[in-house]
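Undergrad: After the structure tokens below, expect a handful of questions from me.
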Amino acid sequence: MSYLLLKDLFKRSSELMDTPVSIAGWIRTLRVSKNLGFIEINDGSFFSGVQIVFQDTIPNFEAVSKLGTGSAIAVNGKVVASPGKEQAFEIAADAIEIVGACDSDYPLQKKRHSFEYMRTIAHLRPRSNTFSAVFRVRSLLAHAIHTFFQDRGFVYVHTPIITGSDCEGAGEMFRVTTLDPKTPPLTDTGAVDFSKDFFGKETNLTVSGQLAVENFCMAFRNVYTFGPTFRAENSNTPRHASEFWMIEPEIAFAGIEEDMRMAEDMTKFIIRFVLERAPEEMKFFNAMIDKGLLERLELVASSDFGRVTYTEAIELLKKSGRTFEYPVEWGSDLQTEHERYLTEEVFKKPVFVIDYPKEIKAFYMRQNDDGKTVAAMDLLVPGIGELIGGSQREERHDLLLRRIEELGLKKEDYWWYLDIRRFGGCPHAGFGLGFDRALMYLTGMTNIRDVQPFPRTPKNAEF
RNA sequence: UCCUCGUUAGCUCAGUCGGUAGAGCGGGUGGCUGUUAACCACUAGGUCGGCAGUUCAAGUCUGUCACGAGGAGCCA
């Protein structure tokens, strides 16, 4: 048995007019009077649902009339022009099969629910308009990312999810172990003996694929990793989750300029890709979630991104005459309020801030000739602030080693990372983009928990 | 982790000065031949987040814990 997807029904509606079709989906709403009724079903393949009209001439009229929202049905019928105002066509049903009835305590109603409530029914929320649209766009955005890089010859690298290095340096990690927490093996000094653990050493879930992807970059030139990352930080904000996806491209024989060009091209590409392929969803977000969304995305997709050095940015902020909650001073990191001022009020478009003080950036970023700054870049965009963070990597073995020692890191932990600086090292650069945050930016959704299918946050892993 | 605000019917909320609880939607039953969050009538449904305290009396005041949301920090 094969049912037409509603996506295809809508695409081919004029050609299918007055012809028989079979469709299947879940009831969104049902209205019935004495001897005719209306059902709207949606199968998740398309933003809109389709209206089914049924008369008491179908054999199970009584049973169908009693169905509630959420029931699964299959319909044989004919595509006909609709006299109603809300839709161009509808399905005149010849037969309706009740595939799966829905208990009366189905929690999704035909009205607006709060996002907070929807999070408590994460197994059902993809059946609602907003979440249905969010998760179709999420899938599309992943497609866009892969298309952008694959079309440009990048090699997709599956960097490990379980890592043996605790040196990725980006926050608290989740430990991976098969040891019994009640009676772990102990060393002579009483510490847990991880040499007896599954991998023979301490292992964790990855917080970033960057160090691994840099190695592959030294073999394939242009690579990217796109996968889940994990942070055990107790962050309780609408922008943080304990599990999230990151995109991390890395390019060899290239520097910060090429890195920025790639970031700009990719940002514009994914926006256009989603606008073109999910116009119904994007219109819905613009109307119901975030009124300025389409205008803002069009602006970003069509403008040349600005450039400013960190030092210049500090000057601009100091001269702004604005009082910020956090003081502006060379050497301290830009706060969200500073970033938004720069991109929204000074430049009024996306802007790269480059050449940050080395003290506030990671050890692997390439030192500039001034000895004070590193070749780092952050992409700031209106409405959200930082979207992408990247850098040219330090390819000079001696300088990288010195930086590791300055920061008190253990060079033994980085032996393989340092090795690629000895065995044919070359200038290379890359960036990281939080996939879920990019999706928030594209949809106007303001909480990361509402763009992830089953979000993991502190104290929440119910689903 | 810190600060602020919340938690009352399945959902969204109201509840006055402290005096034993209300609406809309949803559910159930019935009605209706073109509906669009259909409509109309009837109806069931509550340990007011937990625990302690003040009081003759607590949904209402106090303390505390849990959970949720927003802001901050950390960051993606």
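Under our numbering, the residues of the first sequence are numbered 1004 to 1466, in order.
All C-beta atoms, glycine included, are put in the ideal place defined by N, C-alpha and C.
I need the DSSP call for T1032, collapsed to helix, strand or coil.
TA: Correct three-state label for T1032: strand.
Undergrad: Can you tell which of L1033, M1263 and R1299 has the C-alpha that lies nearest to the C-alpha of V1384?
TA: Closest option to V1384, Cα to Cα, is R1299.
Undergrad: Is it right to say R1325 is buried, meaning 16 or more other beta carbons lie within 10 angstroms of its own, or is it exposed?
TA: When all chains shown are included, R1325 counts as exposed.
Undergrad: Taking the alpha carbon of S1168 as the point to measure from, which residue in A1066, V1160, R1178 and Y1159 has its own alpha carbon closest?
TA: Considering only alpha carbons, the answer is R1178.
Undergrad: At 4 residues or longer, what runs of the alpha helix (DSSP H) sit wholly inside the region 1248-1334?
TA: Fully enclosed alpha helix (DSSP H) runs of 4 or longer: 1259-1280, 1282-1291, 1296-1305 and 1313-1322.
Undergrad: Hey, quick one: how far does the alpha helix (DSSP H) through T1133 stretch, first residue to last?
TA: From DSSP, the alpha helix (DSSP H) with T1133 extends over N1132 to D1154.
Undergrad: Between the region 1337-1344 and the region 1378-1398, do at least 3 Cβ pairs fall closer than 8 Å?
TA: Touching, per the Cβ criterion.
Undergrad: Rounding to the nearest angstrom, what Cα-Cα distance links L1319 and T1346 in this structure?
TA: Their backbone Cα atoms lie some 12 Å apart in a straight line.
Undergrad: How would you call A1194, buried or exposed, if buried means at least 16 neighbouring beta carbons within 10 angstroms?
TA: Its Cβ having fewer than 16 others within 10 Å, A1194 is exposed.
Undergrad: If we count the other Cβ atoms within 10 Å of its Cβ and call it buried at 16 or more, is T1414 buried or exposed?
TA: The identity of residue 1414 in the sequence shown is Lys, whereas the question assumes Thr. By the neighbour-count rule (16 or more Cβ atoms within 10 Å), K1414 is not buried but exposed.
Undergrad: Considering I1042, what are the terminal residues of the beta strand (DSSP E) in which it resides?
TA: Run containing I1042: L1039 to N1045, per the beta strand (DSSP E) assignment.
Undergrad: Which term fits F1201, buried or exposed, when burial requires 16 or more other beta carbons within 10 angstroms of its beta carbon?
TA: With fewer than 16 Cβ atoms within 10 Å of its Cβ, F1201 is classed as exposed.
Undergrad: Ordered along the chain, which non-local residues of its own chain (more than five positions away) have a Cβ less than 8 Å from that of M1265?
TA: Closer than 8 Å at Cβ, skipping near neighbours: P1252, I1254 and F1434.
Undergrad: Could you tell me which uninterrupted alpha helix (DSSP H) segments, each at least 4 residues in length, are contained entirely in the region 1427-1459, listed from first to last along the chain?
TA: Segments of the alpha helix (DSSP H) lying fully in the region 1427-1459: 1438-1446.
Undergrad: In angstroms with no decimal places, state the Cα-to-Cα distance between L1410 and S1142.
TA: Rounded to whole angstroms, L1410 to S1142 spans 40 Å at the Cα level.
Undergrad: Starting from L1403 and walking both ways along the beta strand (DSSP E), at which residues does that stretch end?
TA: From DSSP, L1403 is part of no beta strand (DSSP E) but of the alpha helix (DSSP H) over H1400 to E1409.
Undergrad: Are the region 1260-1277 and the region 1026-1041 touching, with three or more C-beta to C-beta distances below 8 Å?
TA: Contact between the region 1260-1277 and the region 1026-1041 is absent, because fewer than three Cβ pairs lie under 8 Å.
Undergrad: Rounded to whole angstroms, how far is the Cβ of N1225 from the Cβ of V1158, which I believe are closer than 8 Å?
TA: Yes, they are in contact, since the Cβ atoms of N1225 and V1158 sit about 7 Å apart, within 8 Å.
Undergrad: Report yes if the CB atom of N1463 is closer than 8 Å to the CB atom of F1118, and no otherwise.
TA: No.
Undergrad: Per the contact definition of three or more C-beta pairs closer than 8 Å, is the region 1137-1156 in contact with the region 1176-1191?
TA: Counting Cβ pairs under 8 Å, fewer than three are found: no touch.
Undergrad: Using the Cα positions of A1235 and E1205, report the straight-line distance between them to the nearest angstrom.
TA: A1235 and E1205: Cα-Cα distance of roughly 16 Å.
Undergrad: Should T1446 and F1288 be called a contact, given that it needs their Cβ atoms to be closer than 8 Å?
TA: Yes, they are a contact pair.
Undergrad: Assuming M1221 and I1423 make a contact with CB atoms under 8 Å, what is their CB distance in whole Å?
TA: M1221 to I1423, Cβ: 5 Å. Contact.
Undergrad: Does the distance from the CB of F1050 to the CB of A1136 come in under 8 Å?
TA: In contact: F1050 and A1136 (Cβ atoms closer than 8 Å).
Undergrad: Can you look up T1072 in the DSSP assignment and give me helix, strand or coil?
TA: Coil.
Undergrad: Compare the Cα-Cα distances from V1078 to each of A1095, G1203 and C1105 and report the closest residue.
TA: Considering only alpha carbons, the answer is A1095.
Undergrad: R1452 to A1290, Cα distance in whole Å?
TA: Their Cα atoms are separated by approximately 21 Å.
Undergrad: If you follow the beta strand (DSSP E) that E1342 is in, where does it begin and where does it stop?
TA: It is not in any beta strand (DSSP E) - E1342 instead sits in the alpha helix (DSSP H) that spans T1339 to R1343.
Undergrad: Based on Cα-Cα distance, which residue from A1316, F1057 and I1076 lies nearest to I1026?
TA: Nearest C-alpha to I1026: I1076.
Undergrad: On the premise that E1328 lies in contact with V1140, defined as a C-beta separation below 8 Å, what is that separation, rounded to the nearest angstrom?
TA: V1140 to E1328, Cβ: 34 Å. No contact.
Undergrad: With DSSP collapsed to three states, give me the class of Y1359.
TA: Y1359 falls in the strand class under three-state DSSP.
Undergrad: N1045: buried (16+ other C-beta within 10 angstroms of its C-beta) or exposed?
TA: By the neighbour-count rule (16 or more Cβ atoms within 10 Å), N1045 is buried.
Undergrad: Quick one: residues in its chain with C-beta nearer than 6 Å to the C-beta of G1212, no 5 flanking neighbours on either side, listed in chain order?
TA: These residues qualify, in order along the chain: T1162, T1228 and E1251.
Undergrad: Among A1316, L1019, F1233 and T1270, which residue has its Cα nearest to the Cα of Q1338?
TA: Comparing Cα-Cα distances from Q1338 to each of A1316, L1019, F1233 and T1270, the minimum goes to A1316.
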